[in-house]
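Per this note's numbering, the sequence shown starts with residue 16, numbered consecutively. Backbone N, C-alpha and C define an ideal beta-carbon position, used for all residues, glycine too. The next block holds one structure in the form of structure tokens; read it before the comments.
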Amino acid sequence: MVKHTEPLDRVFAALADPTRRALLARLATEDGLSVSQLAKPLAMSLPAVMKHLDVLEGAGLLARRKTGRTVACRLTAAPMEDAMAWLARYQRFWSESLDRLAAVVEDGKP
């Protein structure tokens, strides 16, 4: 497994996996779910889910709080702001490319 040291690298590595994206999506709509609640709809073992949660926590996208025997998870979206800022730098490129494409389609010539 590759170890990512930069915060932005950890965020993108965490978001690269569909299971982790699904876990974050659930937490975005249902904050404070227990690990068991998060694992229930997934077709994998609890230890496998825990490994995914470890990656999300390592990227700063998840916070866990233990109360008695229950571990509740919540989304911490602040690291995604840095990822969005990085992606926004390329928005101009895509906007200009799509504008040129629209002009070609409308005019029929490049």
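Buried or exposed (CB count within 10 angstroms, at least 16 for buried), residue i
i, result
"R25", "buried"
"V70", "buried"
"L38", "buried"
"L48", "buried"
Nearest-angstrom Cβ-Cβ length linking residue i and residue j, presumed shorter than 8 Å
i, j, result
"R41", "L53", "6 Å"
"L76", "P94", "6 Å"
"V50", "L57", "Incorrect: roughly 11 Å between the Cβ atoms, too far for contact."
Cross-strand partners of residue i (DSSP beta bridge)
i, result
"A117", "None; A117 has no bridge partner."
"S49", "A87"
Reduced DSSP category for residue i - H, G, I as helix; E, B as strand; rest coil
i, result
"E82", "The sequence shown places Thr at residue 82, not Glu. Here T82 sits in strand by DSSP."
"L76", "coil"
Take every Cβ of the stretch 79 to 88, pair it with every Cβ of the stretch 97 to 105, and state whether three or more of those distances are shorter than 8 Å. no
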